[in-house]
Amino acid sequence: MAPPGRGGSTFAENPEVAGAEARLIWSAEFDPGTIEVEALPASPGSRDAVDPAVFGKWLSIACGDDFTEHTVISDGFRRIRLDVVAGSLMQGPVCLRYRLEGIAALRPRVLPLRRLLALCTHRRFVASLFPPDPKMPRLIEMLRVHDGLGVGASLGDLAEALYGAGVYDADSARRSDSLRSRVRRLAREARAMAAGGYRRLMRS
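Sequential numbering from 1 applies to the sequence shown in my numbering.
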C-alpha cells in the first residue's frame with residue numbers, strides 16, 4: 001500500500017458505500033488520537049489478553065507496505081484508531097503494548113485509550129465516552145451547502161433548503177440579508193474545507 005496521499009487516508013473507501021457503513025482509516029499524521037501499539041502473543045488465560053475476534057464486523061484493517069496494520073474499530077458512528085507496528089491483530093488473542101511518549105502527544109490519546117479500555121471491558125462502545133461534537137450541526141450545513149453549490153444552487157435556494165421555505169424573499173429583507181450573509185459564510189467555509197481544510201478537523 002502506498003503512503004497516505006494528499007487526502008490523508010490510508011486507502012480510498014468506495015464512495016458508493018453508505019456513511020454509516022464506510023470505514024475510513026485516517027493517517028496518524030492527521031488523526032492525533034491514533035494509538036500506536038505492538039500486538040504480542042497472549043499467554044493462555046491472561047487477563048490482559050485482547051481477542052480481536054470479539055470486535056467482529058467493527059474491526060477493519062489495512063496493511064501498509066511497512067507491514068503496519070492500520071486499524072479502525074468502528075460501528076459507523078464511533079471509532080477507535082490503532083496502528084499496529086509489530087505483531088498482528090489477525091492471529092488470535094494478543095497483549096497490547098502501547099507506544100506512548102511525551103506529554104503533548106499523550107493528551108489527544110487519553111480519551112481514545114479510555115474508549116479502548118471500555119470497549120474491551122464491556123464489549124460495546126460506551127456512549128458517555130463519545131459525547132456529541134458541538135461542531136457537527138455547522139459541519140453538516142457546510143456539506144449541504146457544498147453539495148448545493150456543486151449542482152448550481154443559488155444562495156436563495158440554499159437558504160430556503162437550510163432554513164425553510166419563504167424565509168428568503170422580498171417581504172423579509174432584514175432576515176433575508178442575514179441569511180444571505182450566513183449562507184455566504186458557509187459557502188466560503190465549505191470551499192476551504194473541500195480544498196483541504198477537512199484534514200485539520202481531527203486536530204481541532
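All C-beta atoms, glycine included, are put in the ideal place defined by N, C-alpha and C.
Annotation for Val-145: Leu-158, Val-183, Leu-186, Ala-187, Ala-190 place their beta carbon closer than 7 Å to its own, counting only its chain and skipping 5 residues before and after. C-alpha of Pro-44 to C-alpha of Ser-128: approximately 32 Å in a straight line. Bounds of the alpha helix (DSSP H) holding Thr-121 are 110-122.
Here Gly-33 is actually not in contact with Arg-114; their C-beta atoms are around 11 Å apart, not less than 8 Å. Rounded to whole angstroms, the gap between the alpha carbons of Val-54 and Arg-99 is 23 Å.
Just so you know, the alpha carbons of Trp-26 and Ser-176 end up roughly 39 Å apart. Within the DSSP bridge table, the entry for Pro-41 names Val-94 as partners. Residue burial annotation: Thr-71 is buried, with at least 16 other C-beta atoms found within 10 angstroms of its C-beta.
When the beta-carbon positions are compared, Trp-58 and Ile-35 stay at least 9 Å from each other. Rounded to the nearest angstrom, the Cβ distance from Arg-97 to Leu-40 is 6 Å, consistent with a contact under 8 Å.
Nearest Cα to Ala-194 within the set Arg-124, Leu-139, Ser-46, Phe-125: Leu-139. Under the three-state reduction of DSSP output, Ser-74 falls in the strand class. Rounded to the nearest whole angstrom, the C-alpha separation of Ala-118 and Arg-47 is 15 Å. According to DSSP, Arg-79 shares a beta bridge with Ser-74.
Counting only residues of its own chain and dropping the five nearest sequence neighbours on each side, Gly-150 has no CB closer than 8 Å to any other CB. Asp-83 counts as buried, since no fewer than 16 other beta carbons sit within 10 angstroms of its beta carbon.
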